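A short write-up of the structure that comes next.
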Amino acid sequence: MLNFTIRRLLFTIPTLLFISFVIFFILDAAPSDPTGNLPLTIPPDVREKIRESLGLDQPMIIRYLLWCKQFFVNEPLNLLAQWGINIGDPDRLRVISFQTRSPVVDLIAQRMPQTLWVVGMSYVVGVLIALPIGIISAVKQYSWFDQMGTFISMIGFSVPTFFTGVLMIVIFSVWLGWFPSIYDTTLVVDSWRTLGLQIRQMAMPVFVLALFNAAQISRFMRASMLDNLNQDYVRTARAKGLRERTVLLVHVLRNSLIPVITVIALGVPQVFGGAIITEQVFKVNGLGQLLIIAIQGGDIPTVQTLTFIFAVLIVLFNLIADILYGILDPRIRYD
Amino acid sequence: MPEGAAPILDVSDLKTVFTTRSGEIHAVNAVSFDLAPGELLGVVGESGSGKSVTMMSLIGLLPSPPAEIRGGRAMFDGRDMLAMTQDELREIRGSRIGFVFQDPMTSLNPVFTVGFQLMEPLRVHMNMNKAQARARAVELLELVGIPDAAARLNNYPHQFSGGMRQRVMIAIALACDPQILIADEPTTALDVTIQAQILELVRELRQKLGMAIIWITHDLGVIAGIADRVMVMYGGQVVEQAPVKELFRNPLHPYTRALLETLPGFVGDRAQRLRTIEGQPPSLRAQPTSCPFRARCRHAFERCARENPPMRRDAGGHHVACFWEPDS
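Those sequence lines, one after another, are chains V and X. All residue numbers for the first sequence refer to our numbering, where the first residue is 221 and numbers rise by one. All residue numbers for the second sequence refer to our numbering, where the first residue is 1174 and numbers rise by one.
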């Protein structure tokens, strides 16, 4: 297993380098202009000077290699310097956002907590409600509970979050006034009252996203349970005189979880990617929103860095899913 | 089989019906049989004749719905199993009645060790702690002839061969010293040499442990080798029942005769072609009102279409459900 992990980790290096180049190439080919949002009164020669100052007059390959140096060398060194380990000249160039002129990594560090709280929480909540629903739906197949579960999953699956989100705002913020419609990032949780406020402002985005996540995962769980319920080993377990609970929650569930856990692990990078649309609807200034604004402003370093980090996470969680699979299923051996 | 010994299992008039979207399937129709302590009863019949369903009905292993037991009695140790609650049945399953199923490749749970699966019934039924269950599990694996038993407890089913897995299944079934072992085609999925080993093992275990065995199969050769008594099923009914020698020497039911004719002979001239039984097994959409074998029977006459032949019995314990007299 260790061998496999190391081999796979080494293999990710060329994969990720290739991905980063492709992202850079595509961004460069896109007709976006960092000066596009500036006032029209700025004359073209000044715009050209601005572009030059951003380094855009260099050939694409040079800019890519510079980004690689900044991201793969300077940023890690800078991180080490923050922990008190200084290597080389401390005055090195970091990946700087075109729009804000601050380092992209710092921007990401500012945005990360909101995304992890809202999107991450919605994923956790979604998984936690999806698993029992999937299990019960399978065990009591075609019961009213199963029919309801199927119906709600269909809704969660097919109605987009920008619709459910706005609907929730209309109902719970406008009509009932229970929850705020805008997420307040400046809120500092330091008392029960502020914790209550935090929970209230998280409630709607978390619910909207959790519904969407739970819809997918509960269907997976149900299908996987149903697959296993008809297996011969279940009959063996019953013939041994085990309690029905044991049969279902030990024998069937353990087998059914193998594919479901893989699916859950593969979904985690999307959490970091931020739910772009939902963050927009509820004005959560998380990573998804950062990415959208950067794209609109032609902020190539930010888009490049963010997209690359998402790619890293996806590759990483693919590896984690594979390893989990090997741990959960004794028939799978990687050595 | 010692004639007259009180049977350990006495089934009478068992009826099992499956409700499907396209109607009811009467899978088991008025099946009656008994089993003496220590006896090996062979149950033969073609696919769909109700062999497995009969046995599964007894101990509540059929999913309900769609299966429904419409009637009958199954006296085990003085109590009617068909009238028991699920909890009472569960206490009998795996402790007093053991089960071995057909396909050892899929009958064990792939994600748990063999030891875990073997210790489960011990811990549930005999209230053993982990150490006791482990010690007993080692004994059991040794009993069924698995070498290096203590180490193999930690192995997963996929690390065993098919024959070894079937031995594990037998060990699980025997874990709590059952009075009855029901073996549902336990050798069908194995190749012939492994099959012979398993048969030898069962013969040996029977001598050592003395439990009664119900052996479901469609292999008459196997039956001839190990059974004391044979029950032939067709279309969800018992059509003939006799001690094994008597049945092979003097089959009375046309279906049994036809079955025996489908086997290649080892002595004498070989027939040009093996005989087959023409036609299809009956559909079981309604309660039988006539002989289920009549459409394929060489000796059928008008009465066979009018009524379902009742079981006739003679002094030698030979039962047959047929109007036709072989000598006439």
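Positions of the beta carbon are idealized from the N, C-alpha and C atoms, including for glycine. Given the structure is predicted, the values throughout are model-derived calculations rather than measurements.
Would you please verify whether the beta carbon of residue i is less than 8 Å from any beta carbon of chain X?
i                         : result
proline 550 of chain V    : yes
valine 459 of chain V     : Looking at the sequence shown, residue 459 of chain V is not valine but alanine. Interface residue, yes.
aspartate 447 of chain V  : no
tyrosine 453 of chain V   : yes
threonine 456 of chain V  : yes
arginine 321 of chain V   : no
arginine 463 of chain V   : yes
arginine 442 of chain V   : no
asparagine 475 of chain V : yes
Candidates the options: which alpha carbon is nearest residue i's?
i                            : options                                : result
leucine 1278 of chain X      : V/Ala495, V/Thr456, V/Val480           : Here the sequence assigns methionine to residue 1278 of chain X, which means leucine is not the residue at that position. When only C-alpha atoms are compared, the closest one is V/Thr456.
phenylalanine 365 of chain V : V/Gly376, V/Ile375, V/Ile353           : V/Ile353
aspartate 253 of chain V     : V/Glu272, V/Phe238, V/Phe241, V/Val242 : V/Glu272
asparagine 298 of chain V    : V/Pro279, V/Val315, V/Arg283, V/Leu285 : V/Val315
alanine 443 of chain V       : V/Ala495, V/Val472, V/Arg458           : V/Val472
phenylalanine 528 of chain V : V/Ile243, V/Phe224, V/Ala350           : V/Ile243
alanine 514 of chain V       : V/Phe318, V/Phe292, V/Leu446           : V/Phe318
cysteine 1464 of chain X     : X/Arg1266, X/Val1411, X/Asp1207        : X/Val1411
cysteine 1470 of chain X     : X/Leu1316, X/Pro1455, X/Met1229        : X/Pro1455
May I have the straight-line CA-CA distance separating residue i from residue j, to the nearest angstrom?
i                            : j                          : result
leucine 1382 of chain X      : aspartate 1357 of chain X  : 19 Å
glutamine 334 of chain V     : leucine 230 of chain V     : 32 Å
threonine 1360 of chain X    : leucine 1214 of chain X    : 16 Å
threonine 1189 of chain X    : glycine 1408 of chain X    : 12 Å
proline 1175 of chain X      : histidine 1491 of chain X  : With a pLDDT of only 47 at proline 1175 of chain X, under the threshold of 50, the placement of this residue in the model should not be trusted; the figure read from the coordinates follows. Using only the alpha carbons, I get a separation of about 15 Å.
glutamate 1272 of chain X    : methionine 424 of chain V  : It should be noted that the sequence gives phenylalanine, not glutamate, for residue 1272 of chain X. Cα-Cα distance, rounded: 53 Å.
glutamate 1498 of chain X    : glutamate 1312 of chain X  : 52 Å
glycine 508 of chain V       : leucine 533 of chain V     : 15 Å
alanine 1322 of chain X      : arginine 463 of chain V    : 27 Å
alanine 1494 of chain X      : arginine 1340 of chain X   : 37 Å
alanine 1488 of chain X      : proline 1424 of chain X    : 15 Å
lysine 1224 of chain X       : proline 380 of chain V     : 53 Å
phenylalanine 245 of chain V : proline 521 of chain V     : 12 Å
glutamate 1219 of chain X    : alanine 1362 of chain X    : 16 Å
leucine 247 of chain V       : threonine 406 of chain V   : 33 Å
serine 1268 of chain X       : valine 359 of chain V      : 26 Å
glycine 1221 of chain X      : methionine 1257 of chain X : 27 Å
proline 1351 of chain X      : methionine 1384 of chain X : 7 Å
arginine 1422 of chain X     : histidine 1472 of chain X  : 19 Å
valine 347 of chain V        : isoleucine 355 of chain V  : 12 Å
glutamate 1264 of chain X    : arginine 1246 of chain X   : 19 Å
leucine 548 of chain V       : aspartate 1250 of chain X  : 43 Å
proline 310 of chain V       : glutamine 302 of chain V   : 10 Å
glycine 416 of chain V       : glycine 1233 of chain X    : 53 Å
For residue i, I'd like the list of residues in its chain whose CB is within less than 7 Å of its CB, leaving aside the five on either flank, ordered along the chain.
i                          : result
asparagine 1328 of chain X : Thr1286, Val1287
leucine 236 of chain V     : Ala531, Val532, Val535
lysine 503 of chain V      : Ile402, Tyr403
methionine 1301 of chain X : Leu1295, Arg1309
alanine 1306 of chain X    : Met1292, Leu1295, Arg1296
asparagine 294 of chain V  : Arg312, Leu313, Arg314
asparagine 1202 of chain X : Lys1188, Gly1409, Gln1410, Gln1460, Pro1461
Do we get a CB-CB distance below 8 Å when we pair residue i with the residues of chain V?
i                             : result
tyrosine 1428 of chain X      : no
phenylalanine 1272 of chain X : yes
asparagine 1302 of chain X    : no
valine 1284 of chain X        : yes
serine 1205 of chain X        : no
serine 1230 of chain X        : no
leucine 1281 of chain X       : yes
serine 1195 of chain X        : no
valine 1287 of chain X        : no
leucine 1393 of chain X       : no
isoleucine 1343 of chain X    : no
leucine 1234 of chain X       : yes
glycine 1335 of chain X       : no
histidine 1492 of chain X     : no
Short of 6 Å in beta carbon distance, which residues of its chain neighbour residue i, apart from the five on each side in sequence? Order them along the chain.
i                         : result
arginine 439 of chain V   : Ser373
tyrosine 1428 of chain X  : Tyr1407, Val1412, Phe1466
glutamine 1414 of chain X : Met1404, His1492
Counting only the same chain and skipping the five closest in sequence on each side, list residues whose C-beta sits under 8 Å from that of residue i.
i                         : result
asparagine 306 of chain V : Leu300
proline 1416 of chain X   : Met1174, Asp1401, Arg1402, Val1403, Gly1489, Gly1490, His1491
At a Cβ threshold of 8 Å, is residue i touching chain A?
i                      : result
valine 1297 of chain X : The question asks about chain A, but that chain is absent: this structure's protein chains are V and X.
Exercise for the section: Enumerate, from N- to C-terminal direction, the unbroken beta strand (DSSP E) stretches of 3 or more residues contained entirely within the stretch 1309 to 1379 of chain X. Expected result: Within the stretch 1309 to 1379 of chain X, the complete beta strand (DSSP E) segments of 3 residues or longer fall at 1353 to 1357, listed in chain order.
Problem - Every unbroken alpha helix (DSSP H) within the stretch 488 to 525 of chain V, with a cutoff of 4 residues, ordered by chain - result: If only uninterrupted alpha helix (DSSP H) runs of at least 4 residues are considered, those enclosed by the stretch 488 to 525 of chain V are 496 to 501, 507 to 516.
Exercise for the section: Output the residue ranges of the alpha helix (DSSP H) runs that lie fully inside the stretch 1372 to 1416 of chain X and measure 4 residues or longer, sorted by chain position. Expected result: Listed in chain order, the complete alpha helix (DSSP H) runs (minimum 4 residues) inside the stretch 1372 to 1416 of chain X are 1393 to 1399.
Exercise for the section: Scan the stretch 1228 to 1258 of chain X and note each continuous alpha helix (DSSP H) run of 4 residues or more that stays entirely inside, going in chain order. Expected result: At a cut-off of 4 residues, not a single continuous stretch assigned as alpha helix (DSSP H) sits fully inside the stretch 1228 to 1258 of chain X.
Practice task
Write down every uninterrupted run of the alpha helix (DSSP H) in the stretch 274 to 348 of chain V whose length is 4 residues or greater and which is fully enclosed by it, in chain order.
Solution key: DSSP runs (the alpha helix (DSSP H)) wholly in the stretch 274 to 348 of chain V: 280 to 288, 295 to 302, 324 to 335.
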